[in-house]
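Residue numbers (the numbering used here): 230 to 503.
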């Protein structure tokens with residue numbers, strides 16, 4: 230019996246193979262980045278795992294800077310087994326350190342919000358750092374004068390306003406007993422004091438009165454700042470710190486006079502940030 234004839238079938242061309250799209254590997258320190266497709270490759274490869282291009286001139290992923298501060302683990306030697314107990318201890322220590330950091334941070338935030346003295350200390354340190362950075366790059370200063378000037382003591386004909394009149398032949402004069410004198414300055418607005426030019430003593434006769442040796446500035450926030458002064462008739466430029474609308478300037482130390490019993494301050498020129 231003859232087999233039946235088979236009908237010819239339609240010829241279909243083979244479908245070309247398409248590579249499957251795989252998720253790109255996340256780059257790690259030391260990986261080689263392919264210059265053709267950008268695929269990160271392990272440093273042991275010579276050709277790209279995605280496109281097959283050579284990795285001879287591939288860019289290397291840099292290691293994070295802070296990893297250089299950590300001690301490096303030594304690779305295990307052949308035939309050795311990892312010590313699971315040591316690994317568990319390390320993980321435990323890491324957890325304790327992380328939780329300690331979190332607790333310390335939360336405590337500091339709570340203290341900043343609830344303890345005024347701690348908040349003032351932090352703000353003061355932050356202001357000092359900011360001022361140091363500004364000093365490096367330079368800061369424009371402008372003269373400022375208090376709108377109201379009073380003193381805890383003053384001798385006749387020598388009121389405290391004479392220490393701020395921009396004249397070099399006048400001066401504030403005050404007794405040092407029963408307590409050292411102080412100036413109270415009100416600017417009428419907040420100013421960021423940074424610098425002062427001070428002239429001490431009686432300009433006509435330096436030995437006629439005591440000369441301030443240290444000024445103690447007190448701000449309404451409770452912050453204080455000390456200024457040391459030399460015993461000289463020449464103007465002295467001194468650095469200041471403090472943001473306030475009022476400030477007390479206490480004379481806490483002085484250079485003794487050969488004849489007088491009172492203390493004289495010729496001039497204070499104040500400068501603040503614009």
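Heads up, the beta-carbon is just placed ideally off N, CA and C, and yes, glycines get one too.
What's the C-alpha gap between residue 471 and residue 267?
So the two alpha carbons sit approximately 54 Å from each other.
What's the call for residue 322, buried or exposed, on a 16-neighbour Cβ count within 10 Å?
By the neighbour-count rule (16 or more Cβ atoms within 10 Å), residue 322 is not buried but exposed.
Please state the DSSP three-state secondary structure of residue 317.
Residue 317 falls in the helix class under three-state DSSP.
Cβ contact check for the stretch 489-501 and the stretch 399-409: 3 or more pairs under 8 Å:
Yes: at least three Cβ pairs fall under 8 Å.
Beta-ladder partner(s) of residue 472, from DSSP
Looking at the DSSP output, residue 472 shares a beta bridge with 421.
Top-ranked residue by Cα proximity to residue 384, from 405, 444, 374 and 376
Of the candidates 405, 444, 374 and 376, the one whose C-alpha sits nearest the C-alpha of residue 384 is 405.
Please confirm whether residue 473 and residue 465 have their CB atoms less than 8 Å apart.
With contacts defined as CB atoms closer than 8 Å, residue 473 and residue 465 fail to qualify as a contacting pair.
Please name the residue in 503, 278 and 445 whose C-alpha comes closest to that of residue 476.
It is 445 whose Cα lies nearest to the Cα of residue 476.
Where residue 386 falls, given that 16 or more other Cβ within 10 Å makes a residue buried
Residue 386 comes out exposed.
Let me check understanding here. Comparing Cα to Cα, which of 412, 391, 270 and 429 lies closest to residue 440?
When each option's Cα is compared against that of residue 440, the closest is 429.
Continuous beta strand (DSSP E) stretch holding residue 457: start and end
453-457 is the span of the beta strand (DSSP E), which, as asked, contains residue 457.
I'd like to know whether the C-beta atoms of residue 372 and residue 499 end up nearer to each other than 8 Å.
It is a contact, given that the beta carbons lie within the stated cut-off.
Could you work out which residue in 484, 374 and 454 is closest to residue 431 when comparing CA atoms only?
Comparing Cα-Cα distances from residue 431 to each of 484, 374 and 454, the minimum goes to 484.
On the DSSP bridge assignment, give the partners of residue 269 in chain order.
According to DSSP, which records beta bridges pairwise, residue 269 is partnered with 262.
Can you give me the C-alpha to C-alpha distance between residue 327 and residue 320, rounded to a whole angstrom?
Going from the Cα of residue 327 to the Cα of residue 320 covers about 11 Å.
From this set, 291, 392 and 286, which residue's C-alpha is nearest residue 412's C-alpha?
For residue 412, the nearest C-alpha among the options comes from 392.
Look up residue 500 in the DSSP assignment and say whether it is helix, strand or coil.
DSSP places residue 500 within a strand segment (E or B) once states are collapsed to three.
Do you know how far the Cα of residue 265 is from the Cα of residue 283?
So the alpha carbons of these two residues sit roughly 9 Å apart.
Going by DSSP in three states, residue 446 sits in which element: helix, strand or coil?
Residue 446 falls in the strand class under three-state DSSP.
Less than 8 Å between the C-beta atoms of residue 290 and residue 260, yes or no?
Result yes, Cβ atoms of residue 290 and residue 260 sit closer than 8 Å.
Cβ-based burial, residue 423 [other Cβ within 10 Å; buried from 16]:
Under this definition residue 423 is a buried residue.
If we count the other Cβ atoms within 10 Å of its Cβ and call it buried at 16 or more, is residue 414 buried or exposed?
By the neighbour-count definition (other C-beta atoms within 10 Å, threshold 16), residue 414 is a buried residue.
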